[in-house]
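Heads up: the sequence lines are chains X and P, in that order. All the letters of the first sequence, read from the start, carry residue numbers 0 to 285 under numbering that gives the first Met the number 0. All the letters of the second sequence, read from the start, carry residue numbers 0 to 382 under numbering that gives the first Met the number 0. We treat Cβ as the ideally placed atom computed from N, Cα and C, and that holds for glycine.
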Amino acid sequence: MNGKKIKVEPYFYLIPSFLVFGAFLFYPFFKTIYLSLYKTNKMGQAKLFVGVENYTSLLTSKSFYNSLIVTLVFVAIVVAGSMLLGLVTAVLCNKAFPGIRFFSTAFALPMAIASSSAAMIFKIMLHPSIGIINKIFHLDINWISDPRYALICVAILTAWLNSGINFLYFSAGLSNIDDTIYERASVDGASHIQQFFRLTLPGIAPIMFYTLVVDIIQAFQSFGQVKILTQGGPGESTNLIVYSIYRDAFFNYRFGSAAAQSVILFLIIMALTLIMFRVEKKGVKY
Amino acid sequence: MAEVVLKNVYKTYGENVNVVKDFNLEVKEKEFIVFVGPSGCGKSTTLRMIAGLEEISDGELYLQDEFANFLEPKERNLAFVFQSYALYPTMSVYENIAFSLRVRKVNKDEVDKRVREVAEMLGLTAVLPNRPKDLSGGQKQRVAIGNAIIRNPKLLLMDEPLSNLDAKLRTQMRVELAKIHEKLQNTIIYVTHDQIEAMTLGTRIVVMKDGIIQQVDSPKKLYQNPINRFVASFIGSPSMNFMDGRIQINGDHMYFDVLTKSRFDEKSKFLLPNKVKRALEDRFIRGNEAILGIRPEKFSYKQKSENDQYIDVWVHARELLGSDIYAYFEFQGKQMIASVPADTEVEVDSHVRLYIDLTDACVFDKETEENYMYIDSREEKRA
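Here it is as structure tokens:
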């Protein structure tokens, strides 16, 4: 035996977390893959093994490609918007000025707002006849019923919602930068713009990369605001993959197809994340 | 042409907190000026006002005869070395040194040439591609200096640049700084709380306390001719010894009678030498009360001249510093230090007769603490 005896005790300590992971992560994950290979009944029970047919029919469906493109556009707008908004607000609040607490709270607040309640508020603001947006700008646009604007409206709402946490991350990143390097830069002759691009941005690059990854994943998973604001419409102009999964599963009762879409979404996000980490190893250093 | 002129400069925070009060100074070209004083005396603030990093509350600042109160830091054509080095963590050493040229859009070949020159001069060539975090303290310090001198600024400001280095490196860098000054021939204003740095580097030293200039003079004059008790105790290491007492005149002789704690004390009355006597003769001294200041090296175990006074003391500790020994003793309830040559037999916990050479002693006013022996060189010239 001589110390080669496998110790059982440590594994007991892992049981609670494995139970939770197993119930809410591993089981649904494998169940999804399993379901994606079947046709199901209305209760979501696998009935008929069809192999990869769910996938092939998806990849030949126009609607699915539309979902993909809509999702990519949406993610691009949301990530760019929320990063920019978070960065600008964080830079503004990096200087001490009277009322800074109020502004910090205001900029971080979207974090605490549920996406559905934010969507309700936006719905009223964007209302074609009583909405404040049309009133202020003297416009007569049916924001969320017009296919040209609906996606942008949902994307901007999401960008704002996600900007709160970005504000927090960027603020932390900025406060990590030593103030004296700005003093030195100003004596060295650098303008404020040069200071921003040569010192501030490289200084928060690592944290920006992290927020970029998180933001992309988060944007792909946006659901509540679409459900409340547009229900994927008008037409299919805001039919993001996640919403399309929801619709396929719970309206059309095609759980197999929904599961297949989930798997594809998972693959896309995983691929993006892997690529970004590969790039990060080359790009961000210090 | 004066490089820097400060006229009645004040720095005030809030309502009535004066960090710097009525600061007047004229710095000439190629001078090495050192601001020295205890922490919180306003020396760094003054330097930062010259650099434009801190607003001037009141008074005027002229740089190269140009009114400069409201110039941006980058318009002042000066360089600044920070205590914390302030290196850009995301850039290589090369880029750190090149930064001030880069932002001025100097062409690449010129930048490369100058960076390599400076790196050569400071011994940084091998670490040019490294990042600041991979450098030792001394190297970081040199990078900061390299960045400052690459533009060959006429005015170089340094805020305690050596205080983060260990003792040996500090001495080494001190010598290098002196060399750099000699080579570049620019004007340097240097802030430190270390009086040894001030004494060894400065052509003139500005001693500050509580935001007020106490004395501006060459290192030698500051040491020999301090204006008041603060300057006398701050300049010189170990610090000057002070005794409270009374001036007594007895016929032709003038004595300093040390305030005794018990009446059974031994000899505590010193005959003051003629030089001191002459300086004190025509001064009004309230209640004849005064403070006598004696440098530690003026104590001796052997009588050197017949004018030497002596005290009998109890030595309770000693420190050997290679060439000198510091003997710690108590006299009339006050801790004092004598600095004697290392070949002296200093025994701890023993009674010793110490001889005192009072020729260069200082006598301070009890209340204002000004030095009666101070000779104002400006007045001397006028007379």
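Could you tell me whether the Cβ of Phe-255/P comes closer than 9 Å to any Cβ of chain X? Counting from one through the second sequence, the residue named residue 255/P turns up at place 256. No, because no Cβ of chain X sits closer than 9 Å to the Cβ of Phe-255/P.
Is the CB of Asn-146/P under 9 Å away from at least one CB in chain X? Position 147 of the second sequence, counted from the start, is the residue given in the question as residue 146/P. With 9 Å as the cut-off, Asn-146/P counts as an interface residue toward chain X.
Mind listing the chain P neighbours of Gln-230/X? Cutoff is C-beta to C-beta under 9 Å, in chain order. Position 231 of the first sequence, counted from the first residue, corresponds to residue 230/X. Correct list: empty, because the minimum Cβ distance to chain P is about 46 Å.
Under a Cβ-count criterion, where at least 16 other Cβ atoms within 10 Å of its own Cβ denotes burial, should Gln-214/P be classed as buried or exposed? Indexing the second sequence from 1 puts residue 214/P at position 215. Answer is buried; the Cβ neighbour count reaches 16.
Tell me whether Asn-238/X sits in a helix, a strand or coil according to DSSP, three-state version. Along the first sequence, one-based indexing puts residue 238/X at 239. Three-state result, Asn-238/X: coil.
Where the segment 160 to 189 of chain X meets chain P: residues whose CB sits under 8 Å from a CB there: Asp-177, Thr-179, Ile-180, Glu-182, Arg-183, Ala-184, Ser-185, Val-186, Asp-187, Gly-188 and Ala-189
Between Ala-204/X and chain P, is there a C-beta pair that is closer than 9 Å? Translated into the one-based positions of the first sequence, residue 204/X becomes position 205. With 9 Å as the cut-off, Ala-204/X counts as an interface residue toward chain P.
Would you say Arg-103/P lies against chain X (beta-carbon separation less than 9 Å)? Taking the first residue of the second sequence as position 1, residue 103/P is located at position 104. By this cut-off, Arg-103/P is an interface position.
Pick from Val-126/P, Val-110/P and Ile-211/P that is closest to Ser-43/P, judged by C-alpha positions: By one-based count along the second sequence, residue 43/P stands at place 44. With distances taken between Cα atoms, Ser-43/P lies closest to Ile-211/P.
In whole angstroms, what separates the C-alpha of Val-51/X from that of Ser-261/X? Along the first sequence, read from residue 1 onward, the residue named residue 51/X stands at position 52. Along the first sequence, read from residue 1 onward, the residue named residue 261/X stands at position 262. So the two alpha carbons sit approximately 14 Å from each other.
Residues of the segment 195 to 227 of chain X with Cβ closer than 8 Å to any Cβ of chain P, in chain order: Arg-197, Leu-198, Pro-201, Gly-202 and Ala-204
Of all Cβ atoms in chain P, is any one closer than 9 Å to the Cβ of Pro-97/X? What you label residue 97/X is simply residue 98 of the first sequence in a count that begins at 1. For Pro-97/X, the answer is no, since every Cβ of chain P falls outside 9 Å of its Cβ.
Among Leu-160/X, Ser-62/X, Ile-267/X and Gly-172/X, which one has its Cα closest to the Cα of Ser-243/X? Within the first sequence, numbered from 1, the residue matching residue 243/X stands at position 244. Residue Ser-62/X is the option with its Cα nearest to Ser-243/X.
Entirely enclosed alpha helix (DSSP H) segments - the segment 248 to 306 of chain P, minimum 4 residues: 273 to 280
Grab the span of the beta strand (DSSP E) containing Arg-203/P for me, first residue to last. In the second sequence, counting from the first residue as 1, residue 203/P sits at position 204. Going by DSSP, Arg-203/P is part of the beta strand (DSSP E) stretching over 203 to 208.
Residues that Phe-69/P contacts on chain X, provided the C-beta gap is smaller than 7 Å: In the second sequence, the residue the question calls residue 69/P occupies position 70. Going along chain X, no residue has its Cβ under 7 Å from Phe-69/P, so there is no contact; the nearest lies around 14 Å.
Check the DSSP bridge columns for Pro-340/P and list the partner residues they point to. Residue numbering aside, residue 340/P sits at position 341 when the second sequence is read from its first letter. Beta-bridge pairing links Pro-340/P to Asp-323/P.
If you follow the beta strand (DSSP E) that Val-18/P is part of, which residue opens it and which one closes it? For the purposes of this step, residue 18/P is taken as residue 19 along the second sequence, with counting starting at 1. Segment 16 to 27, the beta strand (DSSP E) holding Val-18/P.
Residue range of the unbroken beta strand (DSSP E) whose run includes Ala-45/X: Taking the first sequence and counting its residues from 1, the one referred to as residue 45/X is at position 46. Run containing Ala-45/X: 45 to 48, per the beta strand (DSSP E) assignment.
Helix or strand or just coil, what does DSSP make of Lys-41/X? The sequence position of residue 41/X within the first sequence is 42, counting from 1. Looking at Lys-41/X - three-state DSSP - the assignment turns out to be coil, as it is neither helix nor strand.
CB of Ala-316/P within 9 Å of CB of Val-275/P, strictly: For the purposes of this step, residue 316/P is taken as residue 317 along the second sequence, with counting starting at 1. For the purposes of this step, residue 275/P is taken as residue 276 along the second sequence, with counting starting at 1. No, the pair does not count as a contact, with Cβ atoms beyond the cut-off.
Cβ contact check for the segment 146 to 158 of chain X and the segment 194 to 211 of chain X: 3 or more pairs under 8 Å: The answer is no - the segment 194 to 211 of chain X does not touch the segment 146 to 158 of chain X, with fewer than three Cβ pairs under 8 Å.
Out of curiosity, what's the CA-to-CA distance linking Asp-359/P and Leu-271/P? Counted from its first residue, the second sequence places residue 359/P at position 360. Counted from its first residue, the second sequence places residue 271/P at position 272. About 10 Å.
CB contact check: Gln-283/P to chain X, cutoff 9 Å: To locate residue 283/P, count along the second sequence from 1; it is residue 284. Note that residue 283/P corresponds to Phe in the displayed sequence, not to Gln. Taking CB atoms only, Phe-283/P has no neighbour in chain X less than 9 Å away.
Quick one: grab the DSSP three-state call for Ser-349/P. One-based indexing of the second sequence puts residue 349/P at position 350. Ser-349/P: strand per DSSP, three-state reduction.
Along chain X, which residues have their Cβ under 8 Å away from the Cβ of Thr-44/P? Here residue 44/P is taken as the residue at index 45 of the second sequence, counted from 1. None at all; the shortest Cβ gap to chain X is about 13 Å.
Report the residue ranges of all beta strand (DSSP E) runs contained in full by the segment 56 to 108 of chain P; include only those spanning at least 3 residues, in chain order. 57 to 62 and 77 to 80
Can you list, in chain order, the residues of its chain with a C-beta nearer than 8 Å to that of Gly-202/X? Leave out the 5 residues immediately preceding and following it. As a first step, residue 202/X must be located in the first sequence, where it is residue number 203. For Gly-202/X, where only same-chain residues beyond five positions count, the Cβ hits under 8 Å are Gly-172, Leu-173, Asn-175 and Ile-176.
From the DSSP output, read off the bridge partner residues of Met-335/P. Numbered from its first residue, the second sequence carries residue 335/P at position 336. Met-335/P pairs with Phe-328/P.
With Gly-250/P and Arg-294/P assumed to form a contact (beta carbons below 8 Å), what rounded beta-carbon distance in angstroms separates them? On the second sequence, residue 250/P is found 251 positions in, with the first residue counted as 1. On the second sequence, residue 294/P is found 295 positions in, with the first residue counted as 1. That pair is no contact at about 29 Å.
Could you tell me which chain X residues have their CB closer than 7 Å to the CB of Tyr-87/P, listed as they occur along the chain? Position 88 of the second sequence, counting from 1, holds the residue named residue 87/P. Neighbours of Tyr-87/P on chain X, chain order: Ile-180 and Leu-198.
For Gly-44/X, go through chain P and note every residue whose CB falls closer than 9 Å to its CB, in chain order. Position 45 of the first sequence, counted from the start, is the residue given in the question as residue 44/X. Note on identity: in this sequence residue 44/X is Gln, with Gly being the wrong assignment. Listed along chain P is no residue with a C-beta nearer than 9 Å to that of Gln-44/X; the closest approach is about 56 Å.
Buried versus exposed call for Glu-366/P [16 or more other C-beta atoms within 10 Å across all chains shown]: The residue you call residue 366/P lines up with position 367 of the second sequence. Its Cβ having fewer than 16 others within 10 Å, Glu-366/P is exposed.
With DSSP collapsed to three states, give me the class of Val-19/X. Here the question's residue 19/X lines up with position 20 in the first sequence. Here Val-19/X sits in helix by DSSP.
Under 8 Å: do the segment 70 to 84 of chain X and the segment 210 to 225 of chain X share three or more Cβ pairs, one atom per stretch? These segments touch.
From Pro-131/P, Lys-132/P, Val-114/P and Asp-133/P, pick the residue whose C-alpha is nearest to that of Thr-124/P; which is it? Sequence index remark: in the second sequence, residue 124/P carries index 125 (1-based). It is Val-114/P.
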